[in-house]
Each structure stands twice: as structure tokens, then as C-alpha cells.
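Trainee:
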């Protein structure tokens, strides 16, 4: 009779149904994975379509040709077709000089130093090293000579030692590593880690504080072959006492040119020269004492 099943037919149906349920469930579960894969593929395609900035030909590949003064000559910069972020920047940085750039948030400090490593190209004027424009210098050569260290520390999965040696000079010794850590005031913290330099870190380095990560990246930079260092608010996570020790140590590196982007004006007091930027323009330039005696923009920043 239609619409009726015998007990035997029902048992057979239930037994066969199990063979269909698992594959169907797998297909259902596959949908979110396919969606994630599609999103990942689209993102990868965006990366693959970006033109490598290292493909352009440059005439200067010898680092020795870069040794000398750094100059910004009538430099303007704007993002896209917007208003100028930097306007008529003229600045000379002597070899071995310790310079601090200060100014309000959004004044153009970071943009200015990123032009030096050719992350951006000036919309007008040029930035030169020993008379050679950054556009003429091979990017590998330029960035091995000028090391930009951002405020946000990048820690990679691996040991403390592997993180320190990333991008280091080929002739690095164990003594060099220890010395760099001492300058960055991170040597004692590393000594207290379970396996010291062989301690494993994940990408977030959860066992390290924000300030310790920043000091680790400072030590890493010091092990690079760079002659010029740009420290972009890299001491923002440090207490004032530790910051003073680190900055004092860096100031003693006579053969290195160091540019600080300072969030605390105490760094500026110990620099050879202070450059004050406001709304994309250099409004004052001189030593801490000289600028304080003028009672101008810098004076107001310090007293404010």
C-alpha cells in the first residue's frame, strides 16, 4: 500500500541514510572554508599586482658614496592631490650629528624622515646624501645605509637572538650582540629570560612588555650595517629613567648620525640640534638652549 513502509524497508532506509549524511555535512562545512579561501585569494592577488619598488634602476650602489651630509632642498610633499603635508623644507644634517625633530601630532615629522629612506618621493625638491638624490640611489643600498625604526616594534616568531640578528652585518660577533643590547638597556631583561638569547618568541612576543619590544628593535637596528638611524618615537613605551639611559647611550655613538622623532621633549635637550615643525614647515632650528632663549614655538612646547 502506498505511503507505508515495512519494518525491513525502514531499517534499510535508515542504514543507507547514514552514508549520505556525512558527505552532505562535509559539503555544508566546506562553504565557510571556501569563502575564507576566496577572501584570501583576493588579498593575495592585490599583493601580486603591486609593482616592486626595487625594479627601478638606480645609478648608485656603493655605500661609501653616501657618506657625508644629508640635505633637504626645497622639499614639498603631498598625499595624492591633497594639500601639502610638507612645504619648502630646507635642512642640513651633518655626518655624525644627533638631531631631534619635534612638533605637534600630525605636523609632518614622520613623513619628513620617511622621505630620507625613499618610502615616499618628494613632489618637489630633493633629499640628498653626500650630494646624491635618494631617487638616484639603489633602494637596497639606501636602506642598508639608513635604518628607519618605527614606533611599533616588529617581533618575529623565533628566538631572541634570531630577532636581533635579522638584517645584521655579516661580521657580527657575540660581543657585538651583547654591546648592542647594553646600549638599548635590554641586556638584563634578556639575561632573566628562561633561555636568555635562545628564548622562543611568538609574533606577539607576549612575554615581553611594549618597552622591552621597543628596546629589542633598537638593539636590532644597532646590529645592522647602517650609518644613519631614524628612531621614530621608539622610546614611547619606556619610563623616563630607562628612556634617559637609552638616549644617553645612543648619543655617545660618535660615528653614527641619529635622527629622533621625539614624543617627549627631554630627548631634545640632549641633541646637537632641534628642528621644530608646524603644519608641514620648519619654524625653528637650533640647540635646545638657543631655542629656549628665543621664547618662540619650541619654548611654548616645552612650557606647555
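In full-length UniProt numbering, the protein residues as written are 1 to 304. In this text, a Cβ means the ideal position worked out from N, Cα and C, and glycines have one as well. Every value quoted in this text rests on a predicted model; they were computed, and no experiment measured them.
Would the segment 235-255 count as touching the segment 210-224 if we require 3 or more Cβ pairs under 8 Å?
Mentor: yes
Trainee: How is residue 187 classed by DSSP in three states: helix, strand or coil?
Mentor: It is helical.
Trainee: Which value, in whole angstroms, describes the spacing of the CA atoms of residue 274 and residue 176?
Mentor: 30 Å
Trainee: From residue 193 to residue 199, what does the alpha carbon distance come to, in whole angstroms?
Mentor: So the two alpha carbons sit approximately 7 Å from each other.
Trainee: Starting from residue 241 and walking both ways along the beta strand (DSSP E), at which residues does that stretch end?
Mentor: Residue 241 -> not in any beta strand (DSSP E); alpha helix (DSSP H) instead, spanning 240-251.
Trainee: In the DSSP assignment, find the alpha helix (DSSP H) that holds residue 290 and state where it starts and stops.
Mentor: 288-294
Trainee: May I have the straight-line CA-CA distance separating residue 69 from residue 31, to the nearest angstrom?
Mentor: If I take the Cα positions, the gap works out to 59 Å.
Trainee: Could you give the DSSP three-state label for residue 267: helix, strand or coil?
Mentor: helix
Trainee: I'd like the list of long-range same chain contacts for residue 221, defined as Cβ closer than 7 Å, with 5 residues on each side in sequence excluded.
Mentor: 147, 149 and 229
Trainee: Among 45, 270, 269 and 285, which has the Cα closest to the Cα of residue 276?
Mentor: Minimum Cα distance to residue 276 is reached at 285.
Trainee: What is the DSSP secondary structure of residue 148, reduced to helix, strand or coil?
Mentor: strand
Trainee: At the level of alpha carbons, what is the spacing between residue 101 and residue 174?
Mentor: 34 Å
Trainee: Alpha carbon to alpha carbon, how far is residue 92 from residue 215?
Mentor: Cα to Cα, residue 92 sits roughly 28 Å from residue 215.
Trainee: For residue 226, tell me which candidate among 143, 37, 163 and 197 has the shortest Cα-Cα distance.
Mentor: 143
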